[in-house]
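Enquirer:
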Amino acid sequence: MKVVLIGLGRTGSFIARQLRAPGVADVHIHDKDPKRIDMVADAMDPLVSVSVYEASAGFQPDVAILAGPAGTHFRTAEAMVAAGSSVVSICDDPDEVADLLRLDAAARDRGVTVAVGAGFVPGLSCLLARWAGDQLDEVDAINVAKAGTAGPACARQHHKALKNPGRDWVGHDWEVRHGGSGRDLAWFPEPFGARDCYRGALPSPLLLQRFYPQASRISARMAATRRDRFTSWLPMLRPPHEDGGPGGLRVEVRGMRDGAVETIVTGVMDYPSVAAASVATVTARAIVIGEAPVGADGLVTWNNPGRRLAELRQMGISVATFAGST
116 MKVVLIGLGR TGSFIARQLR APGVADVHIH DKDPKRIDMV ADAMDPLVSV
166 SVYEASAGFQ PDVAILAGPA GTHFRTAEAM VAAGSSVVSI CDDPDEVADL
216 LRLDAAARDR GVTVAVGAGF VPGLSCLLAR WAGDQLDEVD AINVAKAGTA
266 GPACARQHHK ALKNPGRDWV GHDWEVRHGG SGRDLAWFPE PFGARDCYRG
316 ALPSPLLLQR FYPQASRISA RMAATRRDRF TSWLPMLRPP HEDGGPGGLR
366 VEVRGMRDGA VETIVTGVMD YPSVAAASVA TVTARAIVIG EAPVGADGLV
416 TWNNPGRRLA ELRQMGISVA TFAGST
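Going left to right, the sequence shown walks through residues 116 to 441 as the numbering used here numbers them.
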């Protein structure tokens, strides 16, 4: 099987190091920085054939993993689908996620998969929401909170998201609220702890609502400091770090089970760059071995989320769970 990896930033570099699956022996990598290509190629598994991907050469992969910055995913995914290739995108920009979802009909016609938002949030958050939802007879509310960033591109998207409006699914309709509003104290797994989280331009509600249209509330928040909120309307005042460090994810799902209201809370504390890379790698592996659904949608639509989570656990991504009934 032939795989193309486009984008070798912090998360893309981790994907390259992890990218090995049954049948994957030919990996083509691409980045606008030639030095980064050489560095990543030297660090990859020696059992995998590595070469530089050039779109003009006419090479067509079985799976393309898009790990570049927001704004670079849709056109590439569109071309890949038209040529009969599956796609894994880690994009977390809500506008581009919406564009990728519109590839569903084309993907079904070609019999390929477009995994939309297959990173940390969305991505791992979608798997956790589906896993929790499968434990319930019906799902009424989903709340997602995230903290931390991966590489520089992720930090820039985080900065952009905080200043733009967020959308919550409330009472079977969308409500648009100001970015930076809706303060909520979210508790992430220790040692990360609690963070104040706010609305922003986040794609998780869009992906989750497509699978849980009967839910009365779906929302997403992102952790931010007072300085983050006050400076969100300005250009970034300093270059982002090469890696944003540890981060957190919390997914709360409320619904009914056996006639009682139940809330299931799951969470992860890890480096978002590592977690996003692991999710993208696991997703690509599932496509390679034929365990992925045809069409374009988020990972919340994939059956057997427990299997994906077990694979992530083997890669070092641990999920904490708390469940309570009222």
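Note that CB positions come from ideal geometry on N, CA and C, so glycine has one too.
For the structure I just gave you, are there three or more beta carbon pairs, one from the segment 268–285 and one from the segment 330–344, closer than 8 Å?
Expert: The segment 268–285 vs the segment 330–344: in contact.
Enquirer: Return the CA-CA distance between Gly-186 and Pro-209, expressed in angstroms with no decimal places.
Expert: Roughly 11 Å separates the two Cα atoms.
Enquirer: Runs of 4 residues minimum, wholly inside the segment 318–390: which ones carry the alpha helix (DSSP H) assignment?
Expert: Here the runs fully enclosed are 319–326 and 341–346.
Enquirer: With three or more C-beta pairs closer than 8 Å as the rule, is the segment 302–316 touching the segment 259–271?
Expert: Contact holds: three or more Cβ-Cβ distances are below 8 Å.
Enquirer: Using the rule of at least 16 other Cβ atoms within 10 Å of the residue's Cβ for burial, across every protein chain shown, is Gly-281 buried or exposed?
Expert: Label assigned to Gly-281: buried.
Enquirer: Look at the alpha carbon of Pro-355 and the alpha carbon of Val-368, and state the distance between them as a whole number of angstroms.
Expert: Cα to Cα, the separation comes out at about 33 Å.
Enquirer: Would you identify the three-state DSSP class for Glu-426, choosing helix, strand or coil?
Expert: Residue state, collapsed to three classes: helix.
Enquirer: Grab the span of the alpha helix (DSSP H) containing Gly-127 for me, first residue to last.
Expert: From DSSP, the alpha helix (DSSP H) with Gly-127 extends over 125–133.
Enquirer: With three or more beta-carbon pairs closer than 8 Å as the criterion, would you say the segment 392–407 touches the segment 268–278?
Expert: No: the two stretches stay apart, fewer than three of their Cβ pairs being nearer than 8 Å.
Enquirer: Between which two residues does the beta strand (DSSP E) holding Leu-300 run?
Expert: Taken as a continuous stretch (DSSP letters only), the beta strand (DSSP E) holding Leu-300 covers 299–303.
Enquirer: Please classify Pro-350 as buried or exposed, where buried requires at least 16 neighbouring CB atoms within 10 angstroms.
Expert: By the 10 Å Cβ count, Pro-350 comes out exposed.
Enquirer: Where Trp-246 and Gln-175 are concerned, what is the direct C-alpha to C-alpha distance, given to the nearest angstrom?
Expert: Those two C-alpha atoms are separated by around 34 Å.
Enquirer: Please list the terminal residues of the continuous alpha helix (DSSP H) segment that includes Ser-240.
Expert: Run containing Ser-240: 239–249, per the alpha helix (DSSP H) assignment.
Enquirer: Answer with buried or exposed for Thr-126, where buried requires no fewer than 16 other C-beta atoms within 10 angstroms of its C-beta.
Expert: By the 10 Å Cβ count, Thr-126 comes out buried.
Enquirer: Rounded to whole angstroms, what is the Cα-Cα separation between Thr-378 and Gly-370?
Expert: Those two C-alpha atoms are separated by around 6 Å.
Enquirer: Would you kindly work out how many angstroms separate the C-alpha atoms of Gly-297 and Met-116, rounded to a whole number?
Expert: Distance between the alpha carbons of Gly-297 and Met-116 is about 46 Å.
Enquirer: So, does the segment 410–419 touch the segment 221–240, judging by three or more C-beta pairs under 8 Å?
Expert: Touching, per the Cβ criterion.
Enquirer: When you compare the segment 200–208 with the segment 217–234, are there three or more beta-carbon pairs, one atom per stretch, that lie closer than 8 Å?
Expert: The answer is yes - the segment 217–234 touches the segment 200–208, with three or more Cβ pairs under 8 Å.
Enquirer: Going straight from the alpha carbon of Ala-197 to that of Asn-419, what length do you get?
Expert: Approximately 28 Å between the Cα atoms of the pair.
Enquirer: Would you decide whether Arg-365 is buried or exposed? Buried here means 16 or more other CB atoms lie within 10 Å of its CB.
Expert: Counting Cβ neighbours within 10 Å, Arg-365 comes out buried, since at least 16 surround it.
Enquirer: Report the residue from Gly-173, Ala-170, Glu-169 and Gly-183 whose alpha carbon sits nearest the alpha carbon of Ala-131.
Expert: That would be Gly-183, whose Cα lies nearest to the Cα of Ala-131.
Enquirer: Excluding the 5 residues preceding and the 5 following Asn-279 in the sequence, name in chain order all residues of the same chain whose CB lies nearer than 8 Å to its CB.
Expert: So the list reads Gly-294, Gly-315 and Ala-316, once near-sequence residues are dropped.
Enquirer: How many angstroms separate the CA atom of Leu-251 from the CA atom of Val-155?
Expert: Each residue's alpha carbon lies about 43 Å from the other.
Enquirer: Could you give the uninterrupted runs of the alpha helix (DSSP H) lying entirely in the segment 253–307, keeping only those of 4 residues or more?
Expert: List check, alpha helix (DSSP H) in window: 267–278.
Enquirer: Helix, strand or coil for Lys-150, going by three-state DSSP, please let me know.
Expert: Here Lys-150 sits in helix by DSSP.
Enquirer: If Arg-520 and Val-409 are in contact, beta carbons under 8 Å, what's the gap, nearest whole angstrom?
Expert: Since the first and last residues shown for the chain are 116 and 441, residue 520 lies out of range.
Enquirer: Please look up how many angstroms separate the CB atoms of Ile-152 and Val-163, rounded, as I've assumed it's under 8 Å.
Expert: Between Val-163 and Ile-152 the Cβ distance is about 15 Å, and since that is not below 8 Å, they are no contact.
Enquirer: Report the three-state DSSP secondary structure of Val-155 (helix, strand or coil).
Expert: Val-155 falls in the helix class under three-state DSSP.
Enquirer: Roughly how far, in whole angstroms, is the beta-carbon of Leu-277 from the beta-carbon of Met-337, given that I think they are within contact range, below 8 Å?
Expert: About 7 Å separates the two Cβ atoms, so the contact holds.
Enquirer: Check whether the Cβ of Phe-174 lies closer than 8 Å to any Cβ atom in chain D.
Expert: In the structure shown, chain D cannot be found, because there is only a single protein chain.
Enquirer: Compare the C-alpha of Phe-189 against each of Val-376, Arg-225, Ile-121 and Ala-392 and name the closest.
Expert: Of Val-376, Arg-225, Ile-121 and Ala-392, the residue nearest in Cα terms is Ile-121.
Enquirer: Which residues bound the beta strand (DSSP E) around Asp-219?
Expert: Looking at the DSSP string, Asp-219 is not in any beta strand (DSSP E); the run it does join, the alpha helix (DSSP H), is 219–225.
Enquirer: Can you find the residues in the same chain that come closer than 6 Å, C-beta to C-beta, to Arg-423, ignoring five residues on each side of it along the sequence?
Expert: Cβ neighbours of Arg-423 beyond the five flanking positions: Leu-242 and Val-397.
Enquirer: For Phe-189, name the three-state secondary structure that DSSP assigns.
Expert: Helix, per DSSP.
Enquirer: Measuring only the C-alpha atoms, how far is Glu-290 from Ala-256?
Expert: Distance between the alpha carbons of Glu-290 and Ala-256: 15 Å.
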